[in-house]
Amino acid sequence: MAHEKLRPEFTFDDNKINQLKQIVPECFEDGKINFDTLRQNLGDWAQDEDDDTLEHFGLFWPGKKQARKLAAIPSEGTLEPVFGEGLKPDGTPDTDGKNDSKNIFIEGENLEVLKILQKSYANRIKMIYIDPPYNTGNDFVYDDDFTEPLQEYLRRTGQIDEEGKPLTTNKRSDGRFHSKWLSMMYPRLRLARNLLKDDGVIFVSIDDNEVHNLRAIMNEIFGEENFTGELVWKKRVSPANDSQWFSSDHEYILVYSKDKTIWYPNRMARTEKQNSYYKNPDNDPRGPWNSAAYTCNKSKSERPNLYYPIINPYTQEEVWPRETAVWAYSKETHEKHLKEDILYWGADGNSNSPRKKQFLSDAKKVVNRSFLDHSDVGSTQSATLDFLKLFNRNYFNYTKPLDLIKRLILIATDNNRDEIILDFFAGSGTTALSVLELNQMENSIENRKFICIQLPEELDPKDQAYKDGFRNISDITVERIKRTISSEKIKDGFRIKRLTISSYKKWQDVNSTDVNQVELALDEFANSPLKPDWSKNKLLTEIQLLEGFPLDSKLETTNFGKNEVNQISHDHLETKLLICLDNKIEENLISDLKLDSNTIFICLDTAISNQDKLRLSDKGLIKTI
Numbered sequence: 001m002a003h004e005k006l007r008p009e010f011t012f013d014d015n016k017i018n019q020l021k022q023i024v025p026e027c028f029e030d031g032k033i034n035f036d037t038l039r040q041n042l043g044d045w046a047q048d049e050d051d052d053t054l055e056h057f058g059l060f061w062p063g064k065k066q067a068r069k070l071a072a073i074p075s076e077g078t079l080e081p082v083f084g085e086g087l088k089p090d091g092t093p094d095t096d097g098k099n100d101s102k103n104i105f106i107e108g109e110n111l112e113v114l115k116i117l118q119k120s121y122a123n124r125i126k127m128i129y130i131d132p133p134y135n136t137g138n139d140f141v142y143d144d145d146f147t148e149p150l151q152e153y154l155r156r157t158g159q160i161d162e163e164g165k166p167l168t169t170n171k172r173s174d175g176r177f178h179s180k181w182l183s184m185m186y187p188r189l190r191l192a193r194n195l196l197k198d199d200g201v202i203f204v205s206i207d208d209n210e211v212h213n214l215r216a217i218m219n220e221i222f223g224e225e226n227f228t229g230e231l232v233w234k235k236r237v238s239p240a241n242d243s244q245w246f247s248s249d250h251e252y253i254l255v256y257s258k259d260k261t262i263w264y265p266n267r268m269a270r271t272e273k274q275n276s277y278y279k280n281p282d283n284d285p286r287g288p289w290n291s292a293a294y295t296c297n298k299s300k301s302e303r304p305n306l307y308y309p310i311i312n313p314y315t316q317e318e319v320w321p322r323e324t325a326v327w328a329y330s331k332e333t334h335e336k337h338l339k340e341d342i343l344y345w346g347a348d349g350n351s352n353s354p355r356k357k358q359f360l361s362d363a364k365k366v367v368n369r370s371f372l373d374h375s376d377v378g379s380t381q382s383a384t385l386d387f388l389k390l391f392n393r394n395y396f397n398y399t400k401p402l403d404l405i406k407r408l409i410l411i412a413t414d415n416n417r418d419e420i421i422l423d424f425f426a427g428s429g430t431t432a433l434s435v436l437e438l439n440q441m442e443n444s445i446e447n448r449k450f451i452c453i454q455l456p457e458e459l460d461p462k463d464q465a466y467k468d469g470f471r472n473i474s475d476i477t478v479e480r481i482k483r484t485i486s487s488e489k490i491k492d493g494f495r496i497k498r499l500t501i502s503s504y505k506k507w508q509d510v511n512s513t514d515v516n517q518v519e520l521a522l523d524e525f526a527n528s529p530l531k532p533d534w535s536k537n538k539l540l541t542e543i544q545l546l547e548g549f550p551l552d553s554k555l556e557t558t559n560f561g562k563n564e565v566n567q568i569s570h571d572h573l574e575t576k577l578l579i580c581l582d583n584k585i586e587e588n589l590i591s592d593l594k595l596d597s598n599t600i601f602i603c604l605d606t607a608i609s610n611q612d613k614l615r616l617s618d619k620g621l622i623k624t625i
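FYI, the numbering for the sequence shown is 1 to 625, going by the UniProt record's numbering.
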């Protein structure tokens, strides 16, 4: 088989470009698209630039073009494992680097992390829930650097020398108040869509400030045809009496499917309160029942076939419906109801119209409603109490209640499948806790898994959380997850990854007209693509992601004499990786290594001779760094 060089990809659009090359190869010249030729091939489907219908409906703002470009700029970062801070499923710290938990917490800037996850998690996420900044004028938005997004993140988090701040306050006095927020949300949502399964769904919490704009950009990204609902969450138990105009008692949750034709929300199990509406006043042996009207809101002229007389079996009187509200059922269906004995004529049998019995034993699960009341899914007050169960003080002002997120998870996912829930504005970690607690309730930790991403936003030394020993938001998130696992004796854990700069060198332009210097720089870059300070664990994770393996892949280590080989595999992938990062590949490894069509061997290019590359490529696919 072939021998390839393993290098980071530099664009997310390679697959789309390759598909286009297969369809219209004549539209490419020197590797670039000739748009004139493409328009000619598209014929009537192409839009004429002189056509006055060129302008189309949509949301436009200063910076939208840059926001689109930002989503397509590949990351120069990667993720590295953080050992000792995560928990194994048995509740012990993963100081030895061995952690089988499939839950992942990632500390890092979410735009960069979403880019890094594109290959490993494309079409793999079942549900996304995010609670982004609401753009109230007092909160923060991510002030993205469009030229060097990773470098800006590193400056913000103190990983390189230049100082910087992670977030900027988006004041209403700023002329780009809405534009900044939209430019922050657009690329993140666009990247998030790529990760959703075809039957996946995204929920986004928002308030009145940006709900109209959010819906517009989500219509563009997910397709207006995939809009599934706008939920209203009544968050307050009592009104805010200090409000100047109206007490803001609710927030919204926008719901979009990846493909509305194949995603349907799960109905909810009936509650005791809902079942309590079923009574049995006539001691029916079939048990408690509720009743429904036997007429509908159609008139005699609209539904003449539903205007007919029926007989009251108790009085033997002929009963007609009103001409403005005919029967809800045809004569044939009415005869069936008589045989089934499901008509109720009142306690004394003298009612002017029957009601149809609906038995509790036949009652199905409850359809989801667009209004979520705090009595069912919690309030802002109960969210605070959720947090105070684990901490002496509340460090967050606007957390969501656990019951609200649990409800969304139950709507979107099944409890008998290995499904992933992603939250890339993790905040206090409510999504992670909801997944853990639901699995515990259902006694099935192999089902739902979470990936939560949180920026390590630095805390103000004046904050109480800082005084209590926390230095950034992600520290609190991790601690809350740990305390939940410990206090509720949850038999599951989580791994921690951190955003960092790639182990691969970045090409630097040579400011010289000397051909020898340019050739020397090219040779050095080709022969030594890794930075001098690369580390094994970090590079293993980067290779794993470059090859499209999820972060919860299994890592096993085997020794072949002086060489250490790391095997990476995953239950959902047929391919496995064999990685050796030693400086020299010994003869016994080359001889004993078993490769096949589903195995890729990866090593340093300088660690193996060209002859041995050929020997290994005869066994299977080999890639070198």
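Beta carbons are placed, not taken as given, at the ideal position from N, Cα and C, and that holds for glycine.
Asked, Found
"Rounded straight-line distance, which links the Cα of K298 to that of E318", "21 Å"
"Distance, E419 Cα to G548 Cα", "18 Å"
"CB of P309 within 7 Å of CB of W320, strictly", "yes"
"In DSSP terms, what A325 is bridged to", "R322"
"Contact belief for S75 with E107 at Cβ below 8 Å, rounded distance in angstroms", "15 Å between Cβ atoms; not a contact."
"Supposed close pair F286, S361 - CB separation, criterion 8 Å", "Checking the displayed sequence, the identity of residue 286 turns out to be Arg instead of Phe. Between S361 and R286 the Cβ distance is about 7 Å, and since that is below 8 Å, they are a contact."
"The region 428-435 touching the region 478-487, judged by at least three CB pairs closer than 8 Å", "yes"
"In chain order, each alpha helix (DSSP H) run of at least 4 residues that lies wholly inside the region 544-622", "587-592, 610-619"
"Own chain partners of W327 with C-beta closer than 8 Å, once the 5 adjacent residues on each side are dropped", "Y294, T295, C296, L306, Y307, Y308, I310, P321, H334"
"Extent of the continuous beta strand (DSSP E) run through Y78", "It is worth fixing the name first, because residue 78 is Thr in this sequence and not Tyr. Start and end: 77-81."
"Beta-carbon proximity check, K234 vs H212, cutoff 7 Å", "no"
"Where the alpha helix (DSSP H) containing I481 begins and where it ends", "473-487"
"Reduced DSSP secondary structure (H/G/I, E/B, other) of C27", "helix"
"Selected residue, minimal CA-CA separation from L422, among L595, K584, L621, V201", "V201"
"Whole runs of the alpha helix (DSSP H) within the region 343-383, excluding any shorter than 4 residues", "374-377"
"Proximity below 7 Å, CB of D131 to CB of S205", "yes"
"Among W289, G349, L402, the one whose alpha carbon lies nearest that of K364", "W289"
"Reduced DSSP secondary structure (H/G/I, E/B, other) of T541", "helix"
"Neighbourhood of E574 by C-beta distance below 7 Å, restricted to the same chain and skipping five residues each side", "N598"
"Burial state of S602, where buried means 16 or more other Cβ atoms lie within 10 Å", "For clarity, residue 602 is Ile in the given sequence; the question names Ser instead. Looking at its Cβ environment, which holds 16 or more other Cβ atoms inside 10 Å, I602 is buried."
"Exposed unless 16 or more other CB atoms sit within 10 angstroms - verdict on P401", "buried"
"Selected residue, minimal CA-CA separation from E220, among K258, L408, L79", "K258"
"Among A240, G429, W181, K300, the one whose alpha carbon lies nearest that of A325", "K300"
"C-alpha distance - F146 paired with D475, whole-angstrom precision", "Bear in mind that the predicted position of F146 carries a pLDDT of just 48, short of 50, making it too unreliable to give a figure here."
"Burial state of L385 (16 or more Cβ within 10 Å)", "exposed"
"Cβ pair L59, I125 closer than 7 Å", "no"
"Residue closest to H337, alpha-carbon to alpha-carbon, out of N350, P313, A347", "P313"
"DSSP-derived helix/strand/coil call for K449", "strand"
"Other residues of its chain near Y504: CB distance less than 8 Å, five sequence neighbours each side excluded", "R7, P8, P529, L530, K531, E542"
"Pairwise C-alpha distance: K180 and S370", "30 Å"
"Touch test, the region 488-504 against the region 62-80, Cβ-Cβ under 8 Å, three pairs minimum", "yes"
"DSSP-derived helix/strand/coil call for K536", "helix"
"Straight-line Cα distance separating F450 from A412", "14 Å"
"Reduced DSSP secondary structure (H/G/I, E/B, other) of F203", "strand"
"For V367 and K331, the rounded distance between their alpha carbons", "29 Å"
"Given I490 as reference, the closest of L38, E26, D90 once Cα atoms are compared", "D90"
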